[in-house]
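Note that the protein sequences, when read in sequence, are chains G and C.
Note that the numbering used here has the first sequence beginning at -15, numbered continuously upward.
Note that the numbering used here has the second sequence beginning at -15, numbered continuously upward.
Backbone N, C-alpha and C define an ideal beta-carbon position, used for all residues, glycine too.
There are 2 protein chains.
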Amino acid sequence: MANPIKSLIESRVSINYYDTSQQLTDSDIEELISQATRAPSAYNFQNWKFIAVRSPEAKERLKGVCYGQQKVVEAPVTFIICGILEAYKQLPQALKPSVDAGFLDQSVAEGWIDAAKQTHTDNPELQRDEAIRSASLAAMTLMFAAQGMGLATGSMSGFDPRGVAREFQLSAVEVPVIMVTVGYPTSGNWPQKPRRPISEVIQYA
Amino acid sequence: MANPIKSLIESRVSINYYDTSQQLTDSDIEELISQATRAPSAYNFQNWKFIAVRSPEAKERLKGVCYGQQKVVEAPVTFIICGILEAYKQLPQALKPSVDAGFLDQSVAEGWIDAAKQTHTDNPELQRDEAIRSASLAAMTLMFAAQGMGLATGSMSGFDPRGVAREFQLSAVEVPVIMVTVGYPTSGNWPQKPRRPISEVIQYA
């Protein structure tokens, strides 16, 4: 039996070359974010923010803080995916849709809010780890969502975080974690590169 | 037209309750890791390690450093997914399969190795960020791979990292980033919880 997910996973590549004649619609972008935000996060923090860079002017500013990488200009959209520090402060708001829908008892939500406050307050390393974890889980989900929509992606961590924060007016709690270019591929892209043997990365216990 | 990826993304839940009568085979575990390692990583670092915890004795040790969470005992396997610091030191080995297969010119590989060395040496924050990013991207890929195989998963960041390092003999460069329980679901699991409105997490530029 065909497993469509396996096929997607095994054919996904980070592309560098986009068809510059094809754009994404607002509806495409919202669909991508709708799916990306289905990723898991600790306590269901949903401590992420997606900046969809698609105007020519913003793309040039982005290129300037991505070491001149041309793909951010050629891709129809590049998402700057940020993780949010101090996520525990946003948790009541993040859990509200689950409480309102009756998926989560108010008392359980309050327990999570207390636990998150206890563990995250005054723990900047945990806050940063959680920001990077959540944003990365959402980024990977976004890449698969895009593939499912017939789009191709490229993930990038090669950027100047301070420059990104300055050019895109990030607040002190917004950490730019990863960028994902999205669009339609053109010729010249690589196939997926082979990986290290599994035996090098697995251990049984 | 049905989009099977969208369906998976929108139905994925972090489950807590597993059918304890069904185990995973070695072949299942290797298939999961094979797919998880297709995730992208900066410079194709592949700076990750997967500890498959499945013996009763190891599960009890794991439970002790996961604040007593019962699911790590009941799930057939829990993967401790580690990111690796000082990834630049491993990069020649990580790129070798790509060079050997003719996917990457030796000169390009050497350029990446130099660039990674320049940017990562003496930069512990970047090394840690990269470890968390890579391990999280691989973890999310593993969760989708599992769904494609008819399995269910649960991701966990609620564990004591020092305790995990001690109990599973992690080296100084191995950072436990996230755990993923994998198995067959039983009754009592939640449906996917609603998310915050997209308008709260998206910004156009």
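7 Å Cβ shell around residue i - same chain, five flanking residues per side excluded
{"i": "THR4(C)", "result": "GLU58"}
{"i": "TYR27(C)", "result": "LEU75, TRP96, ALA100"}
{"i": "PHE192(G)", "result": "With chain G represented from -15 up to 189, any question about residue 192(G) goes unanswered, as that position is not in the structure."}
{"i": "GLN120(G)", "result": "The residue asked about is misnamed: residue 120(G) is Ser in this sequence, not Gln. Once the five neighbours on either side are set aside, the close Cβ partners of SER120(G) are VAL161, ILE162."}
{"i": "GLU158(G)", "result": "LYS33, CYS66, ILE68"}
{"i": "ASN173(C)", "result": "VAL(-3), ILE(-1), ASN0, TYR1"}
{"i": "GLU70(G)", "result": "GLN111, VAL157"}
Span of the alpha helix (DSSP H) around residue i
{"i": "ILE13(C)", "result": "10 to 20"}
{"i": "ALA100(G)", "result": "90 to 104"}
{"i": "GLU70(C)", "result": "GLU70(C) -> no alpha helix (DSSP H), and no H or E assigned at all."}
{"i": "GLY147(G)", "result": "145 to 151"}
Three-way DSSP call (helix, strand, coil) for residue i in this model
{"i": "GLY33(C)", "result": "It is worth fixing the name first, because residue 33(C) is Lys in this sequence and not Gly. Strand at LYS33(C)."}
{"i": "TYR188(G)", "result": "strand"}
{"i": "TYR2(G)", "result": "strand"}
{"i": "GLY48(G)", "result": "helix"}
{"i": "PRO175(C)", "result": "coil"}
{"i": "THR62(G)", "result": "strand"}
{"i": "THR165(C)", "result": "strand"}
{"i": "VAL157(G)", "result": "coil"}
{"i": "PRO108(G)", "result": "helix"}
{"i": "GLY86(C)", "result": "coil"}
{"i": "MET127(C)", "result": "helix"}
{"i": "PRO181(C)", "result": "coil"}
{"i": "ASN28(C)", "result": "helix"}
{"i": "SER120(G)", "result": "helix"}
{"i": "SER39(G)", "result": "coil"}
{"i": "GLN77(G)", "result": "helix"}
{"i": "ALA(-14)(G)", "result": "coil"}
{"i": "PRO115(G)", "result": "Looking at the sequence provided, one finds Ala at residue 115(G) rather than Pro. If DSSP states are grouped into helix, strand and coil, ALA115(G) belongs with the helices."}
Nonlocal neighbours in the same chain, by C-beta distance under 6 Å from residue i, ignoring five residues either side
{"i": "VAL61(C)", "result": "LEU8, ALA36, ARG38, VAL166"}
{"i": "PRO145(G)", "result": "PRO160"}
{"i": "SER(-2)(C)", "result": "GLY138, SER139"}
{"i": "ILE116(C)", "result": "GLY67, VAL161"}
{"i": "GLN102(C)", "result": "none"}
Start and end residues, beta strand (DSSP E) containing residue i
{"i": "VAL(-3)(C)", "result": "Counting along the chain, VAL(-3)(C) falls outside any beta strand (DSSP E), and DSSP gives it neither H nor E."}
{"i": "SER139(G)", "result": "136 to 140"}
Other residues of its chain near residue i: CB distance less than 8 Å, five sequence neighbours each side excluded
{"i": "GLY147(C)", "result": "GLY48, VAL49"}
{"i": "GLU44(C)", "result": "VAL57"}
{"i": "GLU151(C)", "result": "ARG45, LEU46, GLY48, VAL49"}
{"i": "HIS104(G)", "result": "GLU70, ALA71, TYR72, LEU110, GLN111, GLU114"}
{"i": "GLN176(C)", "result": "GLU(-6), SER(-5), ARG(-4), VAL(-3)"}
Subject >> Near-chain C residues of the stretch 13 to 27 of chain G - C-beta to any C-beta below 7 Å >> reply: GLU14, ILE17, SER18, GLN19, THR21, ARG22, ALA23, PRO24, ALA26
Original post:
Are there three or more Cβ pairs, one per stretch, closer than 8 Å when the stretch 161 to 168 of chain C is compared with the stretch 131 to 147 of chain C?
Top reply: yes
**OP:** Could you tell me whether the stretch 1 to 18 of chain C touches the stretch 166 to 174 of chain C, where touching means 3 or more Cβ pairs closer than 8 Å?
**Re:** As far as the Cβ criterion goes, the stretch 1 to 18 of chain C touches the stretch 166 to 174 of chain C, which means the pair count is three or higher.
**OP:** Could you tell me whether the stretch 49 to 57 of chain C touches the stretch 19 to 33 of chain C, where touching means 3 or more Cβ pairs closer than 8 Å?
**Re:** no
Subject >> Cβ contact check for the stretch 70 to 87 of chain G and the stretch 78 to 86 of chain C: 3 or more pairs under 8 Å >> reply: no
Subject >> Chain-ordered residues of the stretch 132 to 159 of chain C with a beta carbon less than 8 Å from chain G >> reply: Of all residues in the stretch 132 to 159 of chain C, only GLY132, MET133, SER139, SER141, GLY142, PHE152 place a beta-carbon less than 8 Å from a beta-carbon of chain G.
Original post:
Taking any Cβ of chain C, which residues in the stretch 79 to 101 of chain G have a Cβ under 7 Å from it, in chain order?
Top reply: PRO81, SER82, ALA85, PHE87, LEU88
Original post:
Residues in the stretch -5 to 13 of chain C with C-beta within 8 Å of chain G's C-beta atoms, listed in sequence order?
Top reply: ARG(-4), SER(-2), ILE13
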